[in-house]
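Chemist: Residue numbers (UniProt numbering): 1 to 182. Virtual Cβ for every residue (Gly too), placed ideally from N, Cα, C.
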Amino acid sequence: MTGAPTSSPTGPRPEDTRPAPARTLDVGRLAQADRVARRREEGTGAGDGTVSQRNPYRPTMKRTWFLATKEYRAYFLREGAAVVVGLFVLNLMLGMVSIAAGLDSWTWWVDLQRNPFVLVLNVLALAAAVLHTVSWDQLTPSIIKVQRGTRFLADGWIIAQQVLLLVIFAAVMVAWLGGAWS
Numbered sequence: 001m002t003g004a005p006t007s008s009p010t011g012p013r014p015e016d017t018r019p020a021p022a023r024t025l026d027v028g029r030l031a032q033a034d035r036v037a038r039r040r041e042e043g044t045g046a047g048d049g050t051v052s053q054r055n056p057y058r059p060t061m062k063r064t065w066f067l068a069t070k071e072y073r074a075y076f077l078r079e080g081a082a083v084v085v086g087l088f089v090l091n092l093m094l095g096m097v098s099i100a101a102g103l104d105s106w107t108w109w110v111d112l113q114r115n116p117f118v119l120v121l122n123v124l125a126l127a128a129a130v131l132h133t134v135s136w137d138q139l140t141p142s143i144i145k146v147q148r149g150t151r152f153l154a155d156g157w158i159i160a161q162q163v164l165l166l167v168i169f170a171a172v173m174v175a176w177l178g179g180a181w182s
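1. Going by the beta-carbon positions, is the gap between residue 128 and residue 82 smaller than 9 Å?
2. Over what stretch of residues does the alpha helix (DSSP H) that includes residue 122 continue unbroken?
3. Counting only beta-carbon separations shorter than 9 Å, does residue 37 have a partner in chain B?
4. Between residue 74 and the rest of its own chain, which residues show a CB-CB distance below 8 Å, the 5 nearest in sequence each way excluded?
5. Give a yes or no on whether the C-beta atoms belonging to residue 157 and residue 167 are separated by under 9 Å.
6. Is the separation between the beta-carbon of residue 99 and that of residue 106 shorter than 9 Å?
7. Alpha helix (DSSP H) containing residue 88: first to last residue?
8. Tell me which same chain residues have a C-beta within less than 8 Å of the C-beta of residue 121, skipping the five on either side of it?
9. In this structure, does DSSP put residue 151 in helix, strand or coil?
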């Protein structure tokens with residue numbers, strides 16, 4: 001019979017009078033607590049958490065990891081395009097500062113735009129913007145799911161709607177900036 005010891009009407013049972021077993025000293029646990037306390041005093045550990053004491057698995061990564069798959073290459077191109085677009089934006093900000101500084105600095109910036117490096121930068125920025133636009137247009141159907149009744153709209157239709165809206169917006173902007181509505 002398991003559970004709490006019960007006493008009989010004649011008195012306690014003999015097994016109830018036995019002393020409790022002595023606890024053994026857990027040296028490993030004491031050593032770990034000592035290391036944690038020492039780290040806490042030195043300020044070199046994260047306290048008594050056991051996560052900081054682990055040595056997690058860190059797989060080795062080659063320097064050419066981005067060449068391994070098509071998805072990695074696309075990711076690397078998108079992220080690298082941000083550098084080119086950033087340089088293009090810095091060039092435009094330099095142009096705005098030169099406008100504010102006066103005619104001489106504005107003339108200097110316009111002459112700078114004829115530099116072959118700046119021309120290559122402009123072409124690369126255009127290519128980066130097109131790459132970014134195309135890659136996000138391809139990702140949109142996985143982000144937006146349009147449901148009609150019980151069926152979902154095909155991915156091609158979602159991309160076609162985006163392209164149509166872009167063409168309409170571009171036509172309106174060209175007509176407006178071209179003076180067709182003035």
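Modeler: According to the data block:
1. The count along the sequence shown starts at 1 and reaches residue 128 at position 128. The count along the sequence shown starts at 1 and reaches residue 82 at position 82. Yes.
2. Residue mapping note: residue 122 aligns to position 122 of the sequence shown, counting from 1. 116-143 is the span of the alpha helix (DSSP H), which, as asked, contains residue 122.
3. Of the protein chains in this structure there is only one, and it is not chain B.
4. On the sequence shown, residue 74 is found 74 positions in, with the first residue counted as 1. Here the set comprises 135.
5. Taking the first residue of the sequence shown as 1, we reach residue 157 at position 157. Taking the first residue of the sequence shown as 1, we reach residue 167 at position 167. In this structure, residue 167 does not lie closer than 9 Å to residue 157 by Cβ.
6. Stepping through the sequence shown from its first residue, residue 99 is reached at position 99. Stepping through the sequence shown from its first residue, residue 106 is reached at position 106. For residue 99 and residue 106, yes; Cβs fall inside 9 Å.
7. The residue you call residue 88 lines up with position 88 of the sequence shown. Note, residue 88: alpha helix (DSSP H), 70-101.
8. Within the sequence shown, numbered from 1, the residue matching residue 121 stands at position 121. Only 84, 87, 88 and 91 meet the Cβ criterion.
9. One-based indexing of the sequence shown puts residue 151 at position 151. DSSP places residue 151 in strand when its eight states are reduced to three.
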